[in-house]
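Here this note's numbering runs 59 ahead of the position in the sequence shown, where the first position is 1.
Beta carbons: idealized from backbone N, C-alpha and C, even for Gly.
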Amino acid sequence: MSPQKRVKKSQTPKRTSQGSNSYQTNLLAWKLKEDLSNSKSISKHEQNNSVEDYEHADDEAEDALQVALRFFEKGPFKTSRSKAKTLEKHLKTVENVAWKNGLAPEEIDVLLNVALSGKFGSAVNSRILKCMIPATLISEDSVVKAVSWLCVGKCYGNTKVLFYRWLVAMFDFIDHKEKINLLYGFFFASLQDDGLCPYVCHFLYLLTKKENVKPFRVRKLLDLQAKMGKQPHLQALLSLYKFFVPTLISVSLPVKKKIYFKNSENLWKTALIAVRQRNQGPSPEPLKLMLGPANVRPRKRKWNAHSLIPVLNSSSHRKEYGEKGMSLSDYLGSNRSFPVEQLRSFPQLLQNIHCLELPSQMGAVLNNSLLLHYINCVKDKSILLRLYHWLSQILQEECIWYKVNNYQQGKEFTNFLDTIIRAQCFLQEGFCSCETFLYKSLPLWDGFCCRSQFLQLVSWVPFSSFSEMKPVIFDHLAQLFFTSTIYFKCSVLESLKELLQNWLLWLSMDIHKKTVPASPLETTFSGSMNSLSKLIHYVGWLSTNAMRLESNSTFLLHFVLDFYEKVCDIYINYNLPLVVLFPPGIFYLALLSLDSSILNQLCYIMHRYRKNLIAAKKNESVLKSKSEFIFSSKTYEEYNHYLTAMVGCLWTSKPFQKGSYIDPEVFKNIGIEKYKNSLNLVQHPALLSYAVSFLLQDWPEERTVDVSSIQGKKWNWYLDYLFSEGLQGLKLFIRSSIHRSSVH
């Protein structure tokens with residue numbers, strides 16, 4: 060069948076009537092309803108005529124497109140003024156239809172053949188490639204035929220560059236990749252062309268699988284790097300090769316994820332958005348619609364009504380099961396790939412995990428827990444790379460730049476970020492694309508838009524060297540932290556606590572598997588511990604200054620101590636040889652707090668620190684033989700110093716005896732001038748109300764309340780009373796750190 064006849068028999072008119080005409084019909088109905096509410100002068104006859112006009116206009120556009128396609132297939136022709144006008148007319152027809160409705164797979168097949176066959180000049184070929192906007196999918200066979208034209212030598216250099224940029228931008232629209240992957244050697248050979256090299260590297264970065272990584276290709280890339288220097292695109296491909304086969308590459312490569320490639324989708328971005336919005340149909344509010352087949356509407360979900368995430372579909376299911384009318388039992392009984400549309404349960408996933416066909420656009424997995432299970436189980440790292448690439452493109456486009464548009468997209472973008480965060484929580488893994496997004500957006504973030512989402516993304520940043528992350532994330536966060544409200548400060552501290560927990564889980568798992576030295580960080584075990592330690596000290600610095608700025612707020616201090624409640628148990632809970640104490644500015648504020656819950660939390664944290672230090676001391680000989688990281692004696696000295704101060708304030712009434720200096724004004728402010736003899740469990744400002752309640756409860760006949768009378772047996776009774784009031788942290792601290800034989 061000739062290409063011309065194939066175009067004639069395509070289903071393009073059906074597609075347009077299903078997508079475009081339904082949109083126009085619904086839009087008209089909405090407008091008519093609005094007009095009727097104000098005036099009853101519009102008749103049903105006029106409405107029908109208007110709908111017919113819209114349909115007639117679309118049909119004319121489709122007919123003109125078919126004429127234009129036949130015209131391009133007949134070329135080349137002799138140049139003349141009349142022919143030039145005809146050419147321009149047909150080019151505009153193709154551009155208008157492509158930018159308005161997108162092109163069907165058959166139409167893209169014809170135009171790719173025309174653009175790369177060299178029939179027309181470079182300018183015409185470029186215009187054709189720039190309007191290659193898919194309405195649904197792109198056939199893999201069309202791409203293979205287009206690549207075959209590159210071997211003929213009739214394409215100009217700028218046409219080749221534009222074609223590779225188009226391949227990168229449309230990568231997730233191509234229905235299959237198996238045949239294209241068979242041409243991997245041809246694409247790799249194209250790296251020799253200096254002009255094509257950056258774009259071919261980008262395409263190979265998306266296409267590469269583990270089996271494509273060969274020693275001779277590694278050597279070739281290293282030779283190119285030696286010739287051209289450390290170009291970002293070459294380092295990207297080398298990093299990917301090292302990701303798949305670490306033993307093949309011994310040279311050092313950038314540890315940190317960077318933006319290796321420029322965004323190749325910019326040429327087609329506006330058109331893609333317009334086509335998506337038109338093909339999806341009307342909605343209650345303007346929004347960027349899902350990338351997916353124009354004739355497939357997603358199941359309605361309340362939580363995903365307006366989403367940037369593509370519709371879940373597999374092209375083979377659409378072509379073979381949908382179009383040929385096969386029964387589901389026949390389809391599933393064949394040896395073909397299992398379509399993701401039919402995946403309904405976890406047992407079904409397990410039965411078909413060997414033949415599951417992933418969606419043509421990887422972003423669709425974010426809304427499907429079964430496919431996230433699949434990603435978590437299957438060792439094919441190229442799946443995550445495809446997902447990261449899709450996320451990078453979407454985040455780079457959407458971000459907080461929605462403010463510049465004519466309509467509010469804040470809710471849509473917030474929902475999109477929530478979906479990403481849910482996926483990260485499900486996989487228990489941060490996405491590198493989100494980390495890069497934070498690097499670029501935090502310097503411009505106002506601390507208000509999508510606050511919850513941004514801070515949750517911070518908590519899922521993958522483990523990395525703290526020194527490298529500090530200037531790109533933490534320094535920008537600190538500027539907002541110190542200039543924002545107390546509630547923002549509390550939110551940041553909560554986010555950093557979650558970040559610490561995720562890092563601890565990641566390291567504890569990798570140390571258990573003994574894989575830290577081979578991790579992407581290429582760092583030592585001691586280096587990992589140092590990064591954790593620096594993060595904790597950084598939060599201590601933030602907390603100390605925040606307490607001063609917020610006038611020692613009890614509310615803020617609760618969040619600070621919540622963070623250190625996670626820190627104090629690192630050794631026991633995560634099996635990591637790290638104990639970092641809180642700074643003096645936090646310890647003494649908590650010790651002298653007027654709030655009993657703060658004091659109780661401090662006692663619990665000190666109790667857990669003691670447990671961890673004792674366990675570390677017992678295992679010190681083991682640590683010396685197995686780890687580079689050894690506890691410093693200063694840690695024990697600092698803890699003992701804090702312990703002495705607490706016992707003096709709560710038990711012996713002899714606080715701050717050995718080298719500690721507290722400004723007497725501090726005690727005057729809390730009403731304790733003779734602090735050297737008066738601070739204890741009875742007269743501590745946070746516990747004074749308990750002492751009074753204790754006396755009034757047991758000796759109600761007393762006319763005056765004298766808390767100094769709580770001595771001897773009364774002291775023991777009072778202690779039991781405190782424990783019964785829910786001060787469990789105080790109870791644990793006293794029982795573990797104080798010998799009761801010294802009771803008054």
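Bounding residues of the alpha helix (DSSP H) (the contiguous stretch that carries residue i)
i: residue 788; result: 787 to 796
i: residue 611; result: Looking at the DSSP string, residue 611 is not in any alpha helix (DSSP H), and its letter there is neither H nor E.
i: residue 225; result: 216 to 228
i: residue 500; result: 491 to 500
i: residue 535; result: 534 to 542
i: residue 629; result: 629 to 633
i: residue 657; result: 655 to 677
i: residue 644; result: 643 to 650
i: residue 712; result: Neither: residue 712 is in no alpha helix (DSSP H) and is coded neither H nor E.
i: residue 706; result: 692 to 706
i: residue 274; result: 274 to 287
i: residue 249; result: That residue, residue 249, is in no alpha helix (DSSP H); it is neither H nor E in DSSP.
i: residue 779; result: 772 to 783
i: residue 435; result: 428 to 436
i: residue 178; result: Neither: residue 178 is in no alpha helix (DSSP H) and is coded neither H nor E.
i: residue 526; result: 525 to 528
i: residue 515; result: 510 to 518
i: residue 408; result: 405 to 411
i: residue 265; result: 256 to 266
i: residue 756; result: 747 to 757
i: residue 298; result: 291 to 303
Opposing strand residues paired with residue i [DSSP bridges]
i: residue 416; result: 398
i: residue 233; result: 197
i: residue 162; result: 193
Whether residue i touches residue j by CB criterion (8 Å)
i: residue 480; j: residue 425; result: no
i: residue 792; j: residue 666; result: yes
i: residue 517; j: residue 486; result: no
i: residue 625; j: residue 556; result: yes
i: residue 228; j: residue 190; result: no
i: residue 175; j: residue 153; result: no
i: residue 647; j: residue 788; result: no
i: residue 637; j: residue 629; result: yes
i: residue 198; j: residue 252; result: no
i: residue 749; j: residue 697; result: no
i: residue 188; j: residue 221; result: yes
i: residue 513; j: residue 594; result: no
Between the CA atoms of residue j and residue i - distance to the nearest angstrom
i: residue 327; j: residue 250; result: 24 Å
i: residue 379; j: residue 396; result: Here residue 379 scores only 43 on pLDDT, less than 50, and its place in the model is too uncertain to base an answer on.
i: residue 50; j: residue 483; result: A query on residue 50 cannot be resolved here, the shown segment of the chain reaching from 60 to 803 and no further.
i: residue 299; j: residue 633; result: 31 Å
i: residue 713; j: residue 677; result: 31 Å
i: residue 451; j: residue 126; result: 39 Å
i: residue 738; j: residue 650; result: 11 Å
i: residue 440; j: residue 547; result: 37 Å
i: residue 699; j: residue 668; result: 11 Å
i: residue 178; j: residue 170; result: 11 Å
i: residue 202; j: residue 163; result: 14 Å
i: residue 287; j: residue 230; result: 27 Å
i: residue 655; j: residue 746; result: 6 Å
i: residue 311; j: residue 794; result: 54 Å
i: residue 155; j: residue 453; result: 25 Å
i: residue 694; j: residue 704; result: 16 Å
i: residue 81; j: residue 522; result: Low confidence applies to residue 81: its pLDDT is 39, below 50, so where it sits in the model is not reliable, and the reading given next is rough at best. Roughly 49 Å between the two C-alpha positions.
i: residue 790; j: residue 545; result: 31 Å
i: residue 150; j: residue 219; result: 20 Å
i: residue 766; j: residue 798; result: 23 Å
i: residue 302; j: residue 566; result: 19 Å
i: residue 306; j: residue 280; result: 15 Å
i: residue 114; j: residue 122; result: Here residue 114 scores only 43 on pLDDT, less than 50, and its place in the model should not be relied on; the value that follows carries that caveat. Taking the straight line joining both Cα atoms gives about 12 Å.
i: residue 786; j: residue 528; result: 39 Å
Expected contact under 8 Å - CB spacing of residue i and residue j to nearest Å
i: residue 658; j: residue 620; result: Not really, about 10 Å apart at Cβ, beyond 8 Å.
i: residue 399; j: residue 416; result: 6 Å
i: residue 751; j: residue 777; result: Wrong, their Cβ atoms sit about 11 Å apart, outside the cutoff.
i: residue 245; j: residue 277; result: About 18 Å separates the two Cβ atoms, so there is no contact after all.
i: residue 405; j: residue 429; result: 7 Å
Residue i beta carbon near the ligand MN (any heavy atom closer than 7 Å)
i: residue 747; result: No copy of the ligand MN appears in this structure; indeed no ligand is present at all.
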